[in-house]
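Heads up: the sequence shown begins at 0 in numbering that gives the first Met the number 0, then just goes up one per residue. Using N, Cα and C, we set each Cβ at its ideal position, and we do this for glycine too. As structure tokens, the structure follows; a few thoughts come after it.
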Amino acid sequence: MSHQTELIENDIQAYLKQHENKEMVRFFTCGSVDDGKSTLIGRLLHDSKIIFEDQLAAIEKDSKKSGTTGDEIDLALLVDGLQSEREQGITIDVAYRYFATDKRKFIIADTPGHEQYTRNMATGASTCDIAVILIDARHGVQVQTRRHSFICSLLGIKHVVVAVNKMDLVDYSQERYQQIKKEYREFSDSLSFDDIRFVPLSALKGDNVVEESQNMSWYPGATLMKLLNTIKVNTVESFTDFRYQVQYVNRPNLNFRGFAGTVASGHIRVGDNIVALPSGKESTVKSIVTFEGEIERADKGMAVTLTLETEIDISRGEMIVKKGNLPTSSKEFNATVVWMHEDELDAGREYYIKHGSKMTTGRVTNIQHRVDVNTMVKVEASQLALNEIGSVDFDVAEALHFDAYDESKSTGAFIIIDRLNNLTVGAGMINNALEEQQAHRYSEFELEFNQLVCKHFPHWGARDLS
């Protein structure tokens with residue numbers, strides 16, 4: 000394999016330690032249907048020499064039956080594993096692959112390009128750091144290219160590689176590449192990308208994927224692999240805003256009561272003062288328990304169990320935060336919604352709203368506008384149809400405790416579920432609470448008052464500050 004070094008032969012433990020400490024980067028491919036996304040990933044894996052011989056032999060055999068590249072091996076079959084995908088020659092579901100180089104470890108998500116499966120694309124993109132947006136050099140920027148780019152921007156992806164594919168079919172024309180580059184830049188000016196790179200390539204032939212192309216000597220930039228290895232991926236989420244949604248109350252015996260979950264953002268230490276929401280009750284972290292044992296500090300992404308110094312009634316879906324560092328809390332908020340179902344989103348209809356581990360009911364009170372993905376113009380709308388994106392106002396039965404999505408993906412995202420069939424019909428990204436008087440941040444006075452009520456009138460129970 001390309002990432003093997005002399006350490007494998009001389010000191011396997013040192014090699015494994017080096018591999019363990021490599022930076023993990025998640026990226027995905029998207030774009031219009033038949034732009035060559037699966038072929039690109041297959042070529043990336045093949046030319047990086049990380050495909051085993053038996054895998055390659057199986058793909059060569061399958062290429063004769065289901066391939067779309069003539070006598071050449073169809074590398075798209077490495078990720079298009081469903082029978083229906085091979086029959087139709089399109090990607091339907093998200094496929095994940097893993098590989099490593101000398102510098103980084105990668106998780107790749109191959110997402111569908113077909114408009115019908117835009118929801119699958121949004122799912123694959125939601126956890127990624129880099130978007131590789133493919134454009135067919137023959138056709139240029141398509142509607143689905145614009146839609147996928149817009150969704151990437153909404154999901155907070157800041158780093159984009161625009162791969163102009165199938166350059167071999169336009170005779171490796173520099174002029175055609177520059178035309179597409181200009182067209183995409185003009186379109187993407189209104190999007191919130193921080194870093195856009197362009198690379199002309201041919202996934203089928205291997206030009207500029209891992210190795211530099213001899214057919215495009217006019218291109219002075221890096222190959223796709225070099226870009227993936229060198230793009231600096233920085234998170235914009237806060238390291239100080241501790242957010243912890245309880246997923247499960249762990250009560251194995253009379254002597255232990257812990258609250259299990261994953262740290263959504265920030266960090267927590269033993270001895271930190273915390274506040275439980277929505278009750279507003281305060282306590283101190285007694286211990287942080289993991290499968291391997293107790294630790295002193297838990298950081299973002301770690302699955303842990305917190306135990307507290309005092310007994311507090313906390314249930315699944317409630318949130319633990321640090322004292323003095325509280326999220327916005329509201330029953331009414333505005334969100335950007337990507338609609339994912341054939342039945343339109345209608346104002347007034349009730350849905351389940353799932354925010355982290357919390358489930359509540361809610362309804363759409365108003366659709367402010369939808370966005371025309373071709374022009375980025377906001378258009379008045381009373382409904383959202385399949386794959387449309389719009390700004391929507393919600394009213395939920397129980398207050399959600401959240402941060403704006405551009406501040407924290409973990410606490411700013413939710414999904415919309417149909418109450419009749421339990422299908423996920425939409426994904427939402429919270430922008431802001433609707434009214435300050437209804438969406439306040441808890442004041443210290445309110446928390447102190449709640450503590451006094453609990454102390455002197457325990458039979459009243461905790462006052463719900465929502």
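- Sequence-distant partners of Pro-326 (beyond 5 residues in either direction) whose C-beta falls short of 8 Å from its own C-beta, in its chain, are Asp-240, Arg-242, Leu-276, Met-318, Val-320, His-400, Phe-401, Asp-402, Thr-410 and Arg-440.
- When the beta-carbon positions are compared, Leu-133 and Phe-98 stay at least 9 Å from each other.
- Within the model, the alpha-carbon separation for Gly-347 versus Ile-429 is close to 19 Å.
- Non-local C-beta neighbours of Asp-128 in its own chain, meaning closer than 6 Å and more than five positions away in sequence, comprise Val-24, Arg-25 and Val-232, ordered along the chain.
- The beta-bridge partner set that DSSP reports for Ala-221 is empty.
- Around the C-beta of Leu-227, 16 or more other C-beta atoms lie within 10 Å, and the residue is accordingly described as buried.
- A distance below 6 Å between beta-carbons, with the five flanking residues on each side excluded, links Val-161 to the following residues of its chain, in chain order: Ile-132, Tyr-183 and Phe-197.
- The alpha-carbon of Arg-268 is positioned some 54 Å away from that of Gln-178.
- Between the C-alpha atoms of Ile-107 and Glu-185 there is a straight-line separation of about 28 Å.
- Straight-line spacing of the CA atoms in Ser-191 and Val-248 works out to 39 Å.
- As the crow flies, the alpha-carbon of Asp-271 is around 57 Å from that of Met-166.
- Taking 8 Å as the upper bound for CB-CB distance, Asp-109 and Ile-40 are in contact here, some 5 Å apart.
- At the C-beta level, Phe-332 and Leu-433 come within 9 Å of one another.
- DSSP links Gln-244 through a beta bridge to Thr-261 and Met-318.
- Assigned with DSSP and collapsed to three states, Val-208 falls in coil, not helix or strand.
- By the Cβ criterion, the region 138-149 is in contact with the region 372-381, since at least three pairs of Cβ atoms, one from each stretch, lie closer than 8 Å.
- Around the beta carbon of Gly-355, 16 or more other beta carbons lie within 10 angstroms, which makes this residue buried.
- Excluding the 5 residues flanking it on each side, Ala-396 has same chain C-beta neighbours closer than 6 Å at Thr-359 and Thr-360, in chain order.
- Going by beta carbons, Gly-427 and Ile-416 fall outside the 9 Å limit.
- Taking C-beta separations shorter than 7 Å and ignoring five residues to either side along the sequence, the partners of Thr-122 in its chain run Val-93, following chain order.
- The alpha-carbon separation between Asp-206 and Asp-188 amounts to approximately 28 Å.
- Annotation for Phe-105: the continuous beta strand (DSSP E) segment containing it runs 103-109.
- When only Cα atoms are considered, Glu-387 and Ala-412 end up about 18 Å apart.
- For His-138, the three-state secondary structure derived from DSSP is coil.
- Spatial neighbours of Val-391 in its own chain (CB-CB distance under 8 Å, excluding positions within 5 residues in sequence) are listed in chain order as Asn-333, Ala-334, Thr-335, Val-336, Leu-344, Val-363, Asn-365, Ile-366, Gln-367, Leu-383 and Gly-427.
- When the beta-carbon positions are compared, Ala-124 and Leu-154 come within less than 9 Å of each other.
- For Ile-230, there is no enclosing alpha helix (DSSP H), as DSSP marks it with neither H nor E.
- If you ignore the 5 residues before and after Trp-338, its C-beta comes within less than 8 Å of the C-beta of Leu-344, Leu-383, Ala-384, Leu-385, Asn-386, Glu-387, Ile-388, Gly-389, Val-424 and Gly-425, all in its own chain and listed in chain order.
- Leaving aside the five residues that flank Lys-322 on each side, the residues in its chain whose CB is nearer than 7 Å to its CB run, in chain order, Asn-272, Ile-273, Val-274 and Glu-281.
- Contact between Lys-299 and His-266 holds: their C-beta atoms lie close to 7 Å from each other, under 8 Å.
- Contact between Val-245 and Ser-329 is ruled out by a C-beta separation of about 20 Å, above the 8 Å threshold.
- Each of Ser-278, Thr-229 and Ser-172 was checked against the Cα of Met-215, and the nearest Cα belongs to Ser-172.
- Taking C-alpha positions only, Lys-377 is separated from Val-284 by approximately 47 Å.
- In the structure shown, Glu-397 falls within a strand segment according to DSSP collapsed to helix, strand and coil.
- Between Glu-349 and the set Thr-304, Lys-36, Asn-421 and Ser-212, the nearest pair of CA atoms involves Asn-421.
- In the structure shown, the three-state DSSP call for Cys-127 is coil.
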